[in-house]
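Read in order, the letters of the sequence shown correspond to residues 0 to 182 in numbering that gives the first Met the number 0.
The structure appears right after this line, and notes come after that.
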Amino acid sequence: MTVSIDAAEARVKLEHAITTAIQYETRVHATYAEAAATAENPVARRVFSTLRDEEKGHIRYLRERLEEWRANGSINLFEIGGEIAPRSAVEAGAARLRATLSGAASIATGAELESLRKALQAERETSNFYQQMVATLDADGRRLFERFVEIEQGHLAIVQAEMDLVTGSGFWFDTGEFRPEAG
Numbered sequence: 000m001t002v003s004i005d006a007a008e009a010r011v012k013l014e015h016a017i018t019t020a021i022q023y024e025t026r027v028h029a030t031y032a033e034a035a036a037t038a039e040n041p042v043a044r045r046v047f048s049t050l051r052d053e054e055k056g057h058i059r060y061l062r063e064r065l066e067e068w069r070a071n072g073s074i075n076l077f078e079i080g081g082e083i084a085p086r087s088a089v090e091a092g093a094a095r096l097r098a099t100l101s102g103a104a105s106i107a108t109g110a111e112l113e114s115l116r117k118a119l120q121a122e123r124e125t126s127n128f129y130q131q132m133v134a135t136l137d138a139d140g141r142r143l144f145e146r147f148v149e150i151e152q153g154h155l156a157i158v159q160a161e162m163d164l165v166t167g168s169g170f171w172f173d174t175g176e177f178r179p180e181a182g
């Protein structure tokens with residue numbers, strides 16, 4: 000079989016994209032693993048642990064796709080899974096958590112808040128990478144990374160909601176809240 004230059008370049012580009020995605024996911028996984036290990040609050044530890052485990056699944060999935068790509072020149076784009084609920088479900092769950100904790104002191108230590116900041120930054124960078132891959136890769140690459148864009152957007156929503164909750168910022172999912180004390 001003769002492979003054209005364009006096809007060969009596309010193969011290299013997708014392989015590089017998957018390899019880079021594994022690096023991003025590994026970094027985000029390490030961020031959540033460290034946060035889970037150091038979190039004092041059980042709610043924070045549970046959130047960080049859940050996200051850590053999801054990232055581990057993403058790494059496994061991407062490694063499997065990379066192995067397929069290298070072996071066959073194609074990838075099986077089966078659904079990565081429904082680990083992340085739609086944003087509306089994330090918002091509803093976070094609102095329930097917020098109502099449960101309203102009036103309580105901050106549930107995060109300074110270290111936990113710093114972990115949330117690191118996680119937010121890592122998720123933003125990873126999400127931006129996936130968006131770039133969807134915009135620039137051919138059909139196989141686009142399909143591979145489209146679901147990752149959705150998943151990372153969900154992770155961003157979760158981390159932002161946690162930050163808004165623990166900082167009492169007056170915002171909830173980037174929406175200003177009514178504050179009775181403000182009049």
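We put the beta carbon where it would ideally sit given N, CA and C, even for glycine.
Would the beta-carbon of residue i fall within 8 angstroms of that of residue j?
i    : j    : result
L50  : L136 : no
E67  : E111 : no
Q152 : S126 : yes
T25  : I58  : yes
E54  : V27  : yes
V148 : A118 : no
Using a Cβ-Cβ cut-off of 8 angstroms, state whether residue i counts as contacting chain D.
i   : result
R64 : As a matter of chain content, chain D is missing from the structure shown, which is built from one protein chain.
Do you know offhand how far residue i's Cα is from residue j's?
i    : j    : result
M162 : R116 : 8 angstroms
V165 : T37  : 17 angstroms
H154 : E122 : 7 angstroms
V42  : A70  : 42 angstroms
Q130 : G109 : 31 angstroms
A16  : M132 : 7 angstroms
Y60  : F144 : 12 angstroms
E33  : R142 : 31 angstroms
R146 : S73  : 18 angstroms
A160 : R45  : 15 angstroms
F77  : L65  : 14 angstroms
N75  : Q120 : 30 angstroms
A138 : I150 : 19 angstroms
G140 : A156 : 25 angstroms
Our contact map puts residue i next to residue j with C-beta atoms below 8 angstroms; I'd like the distance itself, whole angstroms only.
i   : j    : result
S48 : A35  : 4 angstroms
Y31 : E124 : Actually they are not in contact, since the Cβ atoms of Y31 and E124 sit about 14 angstroms apart, beyond 8 angstroms.
- Task: Any chance you could list the beta strand (DSSP E) runs of at least 3 consecutive residues sitting entirely within the region 3-76, in chain order?
- Result: none
- Which runs of the beta strand (DSSP E) spanning at least 3 residues fall entirely within the region 127-175, listed in chain order? none
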